[in-house]
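Enquirer:
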Amino acid sequence: MDRSTLIGMVGAGTMGAAIAQGAAASGFTVLLNDRDPAVLERAMAQIKGSLGRAVEKGKISAAEAEATLGRLQPIADLGGLAPCGLVIEAIIETFEAKAALLRSLSAILAPQVLIATNTSSLKVDDLAKAVTGPERFLGLHYFFPAAVNPLLEIVRGTATTEAAMAEAVEFARLTAKQAIRCRDAFGFAVNRFFVPYLNEAVRLLDEGFDPAEIDAVVVKEFKTAVGPFKLMDMSKPVIALHACRTLAAMGPFYEPAESLVTKGNSGENWNVGVAQSVAPERAAVILGRIQGAILTAFFEAVDEEVAAPEDFDLGARIGLAWGWQPLSGARSLGRAAVEELLARHFAGRALPSSVATLIPSP
Ligand SMILES: NC(=O)c1ccc[n+]([C@@H]2O[C@H](COP(=O)([O-])OP(=O)(O)OC[C@H]3O[C@@H](n4cnc5c(N)ncnc54)[C@H](O)[C@@H]3O)[C@@H](O)[C@H]2O)c1
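The opening residue of the sequence shown carries number 5 in the numbering used here; numbering runs sequentially from there.
As structure tokens, then:
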């Protein structure tokens, strides 16, 4: 893998266009495909607009913008991807559509060509069944906005070889992404704790807490631009509901809160206001519940070896731009406080063993 490797991008929607833009900006030539010619045209116009704004802001030169655009080639025919060394798919999130595409790509691409999926919720191993030579197939899970968000989860399926993983890690490095190696588990590393974080905010609302207060506490304590409710409104609550339903296969803790189901299904936004101030005792309860949910998912995922413990912090810091991260946060809270926060989710069950291994007792 080097910058002469030709990249194929299938799906030119929100994610595909941004992934293609990021790779082209890093010096790769990218062939961009979408089954809808209007989408392809719109994607090229959007990328041009985005590069133009970057030039106006002085982030890149006009020559760099032009060179990036020159490295992006829209192609109408999937067969045109044959010379690529890596093909990434970011088409709609349905198993049948992705499996059909992967079967077509398997017929077009030479056996050694790396194939990646940007799926958020499907299992890499399930999709791998549609790939001829699944050892060259893996997940490349980008984060919104993908052209600039520096985080990339690289997901290893059962059949994926170490050589394929190493190629993907090198591609991440060459495109200025921080790579997290993940196992093929629901939510991978970041959504595993991010989705329960959103869900716990809604559980608090269901218990009578004011969502504006919840947003205010999180913004202050996690040093984020927006709280969970504002964030859900930006991508629509139904997306959070869908993500939650994916994780729900792992047990009741991950099941969507009552209001998340109704709000998600209604198609409406939360539209929460701004809290002027939050009483310290209420703020402490909100923060403890939110941290407790994040830590529950984090320690369970570490026990399952979904990713290295430090990588969850990397994901929180650079993927989500949180000023509070699970591993370092738990360590500063200390073992006793962490065990207290986890208690409500582990009634009658043993705590994950990583609590003891990662947080030394005082
Ligand atoms: N939106 C996010 O924040 C986000 C984050 C991480 C991962 N993802 C994943 O990325 C993928 C794409 O998401 P999106 O938000 O960009 O969706 P989108 O709806 O914006 O884009 C999907 C595109 O795929 C095209 N398409 C559908 N079937 C096709 C086919 N057979 N061949 C070629 N093109 C086809 C559609 O025309 C559409 O342009 C999904 O798997 C999603 O789960 C999304």
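For glycine and all other residues, C-beta sits at the position ideal for the given N, C-alpha and C.
These figures come from a predicted structure and were not determined experimentally.
May I ask you to check if the CB of residue 124 is nearer than 7 Å to at least one heavy atom of ligand 1?
Expert: It does: the Cβ of residue 124 is within 7 Å (strictly closer) of some heavy atom of ligand 1.
Enquirer: Below 8 Å on the Cβ atoms is my guess for residue 319 versus residue 142; work out the distance and round it to an integer in Å.
Expert: Not quite, the Cβ-Cβ distance comes to about 18 Å (not below 8 Å), so this is no contact.
Enquirer: Would you say the beta carbon of residue 97 comes nearer than 7 Å to a heavy atom of ligand 1?
Expert: Checking the Cβ of residue 97 against ligand 1 gives yes.
Enquirer: Could you tell me which residues DSSP puts in a beta bridge with residue 382?
Expert: Outside the displayed span of the chain (5 to 366) sits residue 382, for which this structure offers no information.
Enquirer: Determine the extent of the alpha helix (DSSP H) in which residue 13 is found, giving its start and end residues.
Expert: From DSSP, residue 13 is part of no alpha helix (DSSP H) but of the beta strand (DSSP E) over 11–14.
Enquirer: Verify the contact flag: residue 153, CB atom, against every heavy atom of ligand 1, threshold strictly below 7 Å.
Expert: Checking the Cβ of residue 153 against ligand 1 gives no.
Enquirer: Whose C-beta lies closer than 8 Å to the C-beta of residue 85 among residues of the same chain, with five residues either side of it excluded?
Expert: For residue 85, where only same-chain residues beyond five positions count, the Cβ hits under 8 Å are 12, 14, 35, 37, 79, 91, 109, 112 and 113.
Enquirer: Return yes when the C-beta of residue 130 is under 7 Å from any heavy atom of ligand 1, and no when it is not.
Expert: Checking the Cβ of residue 130 against ligand 1 gives no.
Enquirer: Excluding the 5 residues preceding and the 5 following residue 279 in the sequence, name in chain order all residues of the same chain whose CB lies nearer than 8 Å to its CB.
Expert: Only 214, 216, 217, 219 and 220 meet the Cβ criterion.
Enquirer: Pair every Cβ in the segment 281–296 with every Cβ in the segment 305–324, then say whether three or more of these pairs are closer than 8 Å.
Expert: Result no; under three Cβ-Cβ pairs closer than 8 Å.
Enquirer: Given this structure, state the Cα-to-Cα distance separating residue 47 from residue 120, to the nearest angstrom.
Expert: One C-alpha to the other measures close to 20 Å.
Enquirer: In terms of DSSP beta bridges, what is residue 120 paired with?
Expert: Bridge partners of residue 120: 92 and 142.
Enquirer: For residue 153, does the three-state DSSP call read helix, strand or coil?
Expert: Three-state result, residue 153: coil.
Enquirer: What is the residue span of the beta strand (DSSP E) that residue 77 lies within?
Expert: Taken as a continuous stretch (DSSP letters only), the beta strand (DSSP E) holding residue 77 covers 76–79.
Enquirer: CB residue 273 to CB residue 241, shorter than 8 Å?
Expert: Cβ distance < 8 Å, so residue 273 and residue 241 count as in contact.
Enquirer: Of the residues 5, 131, 261 and 152, which one's Cα is nearest the Cα of residue 97?
Expert: Measuring from the Cα of residue 97, the nearest candidate turns out to be 131.
Enquirer: Have a look at residue 346 and residue 234 and give me their C-alpha separation to the nearest angstrom.
Expert: Rounded to whole angstroms, residue 346 to residue 234 spans 26 Å at the Cα level.
Enquirer: Just checking my contact of residue 270 with residue 307 at CB under 8 Å: how many whole Å lie between their CB atoms?
Expert: Not a contact, Cβ separation roughly 36 Å.
Enquirer: Just to check my reading of the structure: residue 229 and residue 294 have Cβ atoms closer than 8 Å, yes? What is that Cβ distance to the nearest angstrom?
Expert: Their Cβ separation, rounded to whole angstroms, is 16 Å, which puts residue 229 and residue 294 out of contact at 8 Å.
Enquirer: Taking the alpha-carbon of residue 300 as reference, which of 199, 326 and 222 has the nearest alpha-carbon?
Expert: Closest by alpha carbon: 199.
Enquirer: Can you list, in chain order, the residues of its chain whose CB lies under 8 Å from that of residue 104, leaving out five sequence neighbours each side?
Expert: Closer than 8 Å at the Cβ level, and outside the excluded window around residue 104, lie 134.
Enquirer: Return the first residue and the last residue of the alpha helix (DSSP H) that residue 37 is part of.
Expert: No alpha helix (DSSP H) contains residue 37, which is instead part of the beta strand (DSSP E) from 34–37.
Enquirer: Between residue 303 and the rest of its own chain, which residues show a CB-CB distance below 6 Å, the 5 nearest in sequence each way excluded?
Expert: Correct list, in chain order: 356, 358 and 359.
Enquirer: According to DSSP, is residue 182 helix, strand or coil?
Expert: Strand.
Enquirer: May I have the straight-line CA-CA distance separating residue 106 from residue 128, to the nearest angstrom?
Expert: So the two alpha carbons sit approximately 12 Å from each other.
Enquirer: Starting from residue 28, trace the alpha helix (DSSP H) both ways and give me its first and last residue.
Expert: Element bounds for residue 28: 18–29.
Enquirer: Do residue 146 and ligand 1 come close, with the Cβ less than 7 Å from some heavy atom?
Expert: Result yes, Cβ under 7 Å from ligand 1.
Enquirer: Compute the beta-carbon to beta-carbon distance between residue 19 and residue 94, rounded to the nearest angstrom, for a pair I have assumed lies under 8 Å.
Expert: Going by Cβ atoms, the distance from residue 19 to residue 94 rounds to 4 Å, so yes, they are a contact pair.
Enquirer: Considering only heavy atoms of ligand 1, does any lie closer than 7 Å to the CB of residue 188?
Expert: Answer for residue 188: no, Cβ out of range of ligand 1.
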